[in-house]
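Trainee:
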Amino acid sequence: MSDISIESTLQEERLFSPPAAFSQAAQIKSLAEYESIYARAQANPEQFWAELAQSELHWFKKWDKVLDWQPPFAKWFTGGKINISYNCLDRHLTTWRKNKAALIWEGEPGDSRTLTYAQLHREVCQMANALKQMGVAKGDLVGIYMPMIPEAAIAMLACARIGAVHTVVFGGFSADALRDRLANGQAKAVITADGGWRKDAIVPLKIQVDKALENNACPTVESVLVVQRTKQDIEMLAGRDIWWHEIQPTVSADCPAEEMDAEDMLFVLYTSGSTGKPKGVVHTTGGYNLYSHITTKWIFDLNDTDVYWCTADVGWITGHSYIVYGPLSNGATAIMYEGVARPSNPGCMWDIIEKYGVTIFYTAPTAIRVFMKMGEELPNARNLSSLRLLGTVGEPINPEAWMWYHRVIGKEKCPIVDTWWQTETGGIMITALPGAISTKPGSATRPFPGIIAEIVDLDGEPLPANSGGYLAVKHPWPGMMRTVYGDDERFRKTYWEHIPPKDGKYMYFAGDGARQDADGYFWVMGRIDDVLNVSGHRLGTMEVESALVSHPSVAEAAVVGKPDEIKGEEIVAFVTLNSNYAGDDNLIKELKKHVGNEIGAIARPGEIRFTDALPKTRSGKIMRRLLRDLAAGKEVSGDTSTLEDRSVLDKLRGND
Ligand code: 6R9
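Here the sequence shown is numbered in this note's numbering, starting from -11 and rising by one per residue.
#1: Which residue comes first and which comes last in the alpha helix (DSSP H) that contains R217?
#2: Looking only at DSSP bridge pairs, what is M324 linked to?
#3: Please classify P488: is it buried, with 16 or more other beta-carbons within 10 angstroms of its beta-carbon, or exposed?
#4: Would you check if the distance between the CB atom of H271 and the CB atom of G423 is smaller than 7 Å?
#5: Measure the C-alpha to C-alpha separation of F255 and Y569 and round it to an integer number of angstroms.
#6: Based on the DSSP secondary-structure assignment, which residues constitute the bridge partners of M253?
#7: What's the C-alpha gap between Q410 and R2?
#8: As a quick exercise: from I282, E365 and R503, pick the residue whose alpha carbon is nearest that of G438.
#9: Take V444 as the anchor and find which of G457, N291 and P387 has the nearest alpha-carbon.
#10: Cα separation between E531 and A241?
#11: Within the continuous beta strand (DSSP E) that includes N521, where are the two ends?
#12: My parser needs the beta strand (DSSP E) runs of 3 or more residues fully inside the stretch 503 to 544; what are they?
#13: Count the other CB atoms within 10 Å of the CB of F359; is the residue buried (16 or more) or exposed (fewer)?
#14: Just confirm the distance between the C-beta atoms of K176 and L129, as a whole number of angstroms; I'd bet it's less than 8 Å.
#15: Using a Cβ-Cβ cutoff of less than 6 Å, which residues in the same chain neighbour T118 once the five nearest sequence positions on both sides are dropped?
#16: DSSP on P353, reduced to helix/strand/coil?
#17: Any heavy atom of the ligand 6R9 closer than 6 Å to the beta-carbon of I132?
#18: Relative to the alpha-carbon of R616, which residue among F562, I576, D638 and R634 has its alpha-carbon at the smallest distance?
#19: Confirm, please, whether the CB-CB distance from K199 to A163 is below 7 Å.
#20: To the nearest angstrom, how far is it from the Cα of A31 to the Cα of I440?
#21: Less than 6 Å between the CB of D406 and some heavy atom of the ligand 6R9, yes or no?
#22: Return the chain-ordered list of same chain residues with a C-beta closer than 7 Å to the C-beta of W57, the five sequence neighbours on each side being excluded.
#23: L640 and L618: beta carbons closer than 7 Å?
#24: Bridge partners for R85 per DSSP, in chain order?
#25: To which residues does DSSP link P450 through a beta bridge?
#26: Where does P6 sit, in a helix, a strand or coil, going by DSSP?
#27: I'd like to check one pair, I16 with L377: are the Cβ atoms closer than 7 Å?
#28: Grouping DSSP H, G and I as helix and E and B as strand, with all else coil, what is I385?
#29: From the DSSP output, read off the bridge partner residues of T259.
#30: Please work out which residues of its chain come closer than 7 Å, Cβ to Cβ, to P315, disregarding the five sequence neighbours upstream and downstream, and give them in chain order.
#31: Is E0 helix, strand or coil when you go by DSSP?
#32: Would DSSP call T283 helix, strand or coil?
#33: Runs of 4 residues minimum, wholly inside the stretch 370 to 434: which ones carry the alpha helix (DSSP H) assignment?
#34: Taking buried to mean at least 16 other C-beta atoms within 10 Å of its own C-beta, is T83 buried or exposed?
#35: Would you mind giving the Cβ-Cβ distance between G528 and G514, rounded to the nearest angstrom? I have them listed as a contact below 8 Å.
#36: Roughly how many angstroms lie between the CA atoms of Q504 and A453, to the nearest whole one?
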């Protein structure tokens, strides 16, 4: 949990109403309208979702049953036939949107490409046919390990089109992390690129794929489709690797969308939990299509004239729901950017807003804090007057960053939607609707219609206003994860039995601490489990610890988060060494690099501290709470009576 946000948000009393002109033109125009939709959804959630599924999506065949709830397993729209790629592409081709820009892509070196709905449809069909030629069939799992180029979205849509299940692995993850995910999912094929641009350097993706597949580590992978992006030399393995630009001209652009069952698996996306092994979050077709679609439409108040930009990477859930599926299902124009603000081009984000006339901008608090640090001269030197709505996601936003975003980027006229949700929830759960709900800096405000969120204790009892507790959701919703890939028990235990079900009533346990104020606004404080949030990226402490102990020098490791001004949290590792190893600067460097190789650069500890022993309870549990205080340079607070050996703490203090 980030202490900064807790302290500052407890005092936050500022309230910002939606500008009148914004509300008048918005899809949901007033608090009364939101509350009446919310009440209708709460009274009869199934009818609410069914009406939206009918009016917002194309179904090849209508469902028989809206919700089949056998807790904790939900099935939505059973018997319905649908294809999300059809909803994102084909249905727009019979309208004027056929030649509307679907994706406007900007490469880091400054190259760019625009794909209309017709063009995107064509390329998706071609890649779908290429996958078929590679032997990929309905139900097969395909790994996608890509830079932020249009082909990343094309690959996802191509899989969805033929009913293959995609698992996108963030391009910043290491070969080891990629291998684990491909092996766990028994992937049949991988789609990648030679490389991608990141901060003026090439990220060598294909080389990582080669490493991941080395020594027959993923025997189910038969072929690798490689998109040419950076054009450096790479090896192509005959019989396994295929260049996209070579096969594309040979495949047909005719590939009808497969009629999928609403509950057929759409994708698996791995995310960190409190164990060493990331979990594969499973999302299915119909419910996810509806939930990502309607949240995009109402929360971003999308119109046909909007130019919408979400700065996430497609490797995260935000990229899935709010770069690819949500915007395209709505027929929107979405920007996709390969790069990030960097020393050689610190103003690039604002250049893109000016160049394309971006109207909706959705980013993360950590990015906003980087922008703040780079200075307001950069955005002030560009014309940002096209912007009408701002959004944030990924971690609690500190009110200082919120106010800067509001003043410098939004020029005090753009509502800010602070959107709380998770990989598991499929789409945004708690957020302002920008024309209807007044905002308070640091609060995600109110639940989306159909979402029954509550602050409870560990018995599931609701807590009074302003009491800190656990964020829970009471009723299933269409975008919810269906299970942990291959591990129903873990799904049940982690999310639905953490709060013991009572009288057959189950609650979804989000793993976040939060409170609700007297106006019913939610203030999310952060994770209560061993999950870190570093620059908006989720990482399990156990994952980082496992990576550390896989190094021959390390006997034991405990990892905690320390508040960081830019990243939100920074990783601090306490490490005990095997004999014969000296805890010196060289080893620190080596261990940081080792974690980078094992997981990816985002998991690299900012600080490594060597110690003779870790503070443990008598039952042998590492007392992370104490380490968190030490890492933050604070006095160790709270009870230390369960500590097995007090001298460990004294020594660690001495180290401090
Ligand atoms: C979408 C995404 C989920 C965790 C979540 C929470 C934190 C996300 C937030 C937020 C406060 C917000 N989180 N949005 N905390 N305010 N607006 O980020 O998914 O990567 O699975 O992370 O992120 O702690 O539990 P994911």
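We put the beta carbon where it would ideally sit given N, CA and C, even for glycine. Quick caveat: nothing in here was measured; it's all calculated off a predicted structure.
Mentor: By the coordinates alone:
#1: Annotation for R217: no alpha helix (DSSP H) segment contains it, and DSSP assigns it neither H nor E.
#2: W93
#3: exposed
#4: For H271 and G423, no; Cβs fall outside 7 Å.
#5: F255 and Y569: Cα-Cα distance of roughly 44 Å.
#6: In the DSSP assignment, the residues bridged to M253 are T272.
#7: 27 Å
#8: I282
#9: G457
#10: 43 Å
#11: V519 to V522
#12: 510 to 515, 519 to 522 and 525 to 528
#13: buried
#14: 6 Å
#15: The question names Thr, but residue 118 is Ala in the sequence shown. Here the set comprises I235 and V239.
#16: helix
#17: no
#18: Taking R616 as reference, the option from F562, I576, D638 and R634 with the minimal CA-CA separation is F562.
#19: yes
#20: Answer to the nearest angstrom: the Cα atoms are 11 Å apart.
#21: yes
#22: P464
#23: For L640 and L618, yes; Cβs fall inside 7 Å.
#24: None; R85 has no bridge partner.
#25: DSSP lists V444 as partners of P450.
#26: coil
#27: Not in contact: L377 and I16 (Cβ atoms no closer than 7 Å).
#28: coil
#29: K267
#30: T284, Y296 and A322
#31: coil
#32: Here DSSP, grouped into helix, strand and coil, assigns T283 to helix.
#33: 387 to 392
#34: exposed
#35: Contact doesn't hold; Cβ gap of about 14 Å is too wide.
#36: 5 Å
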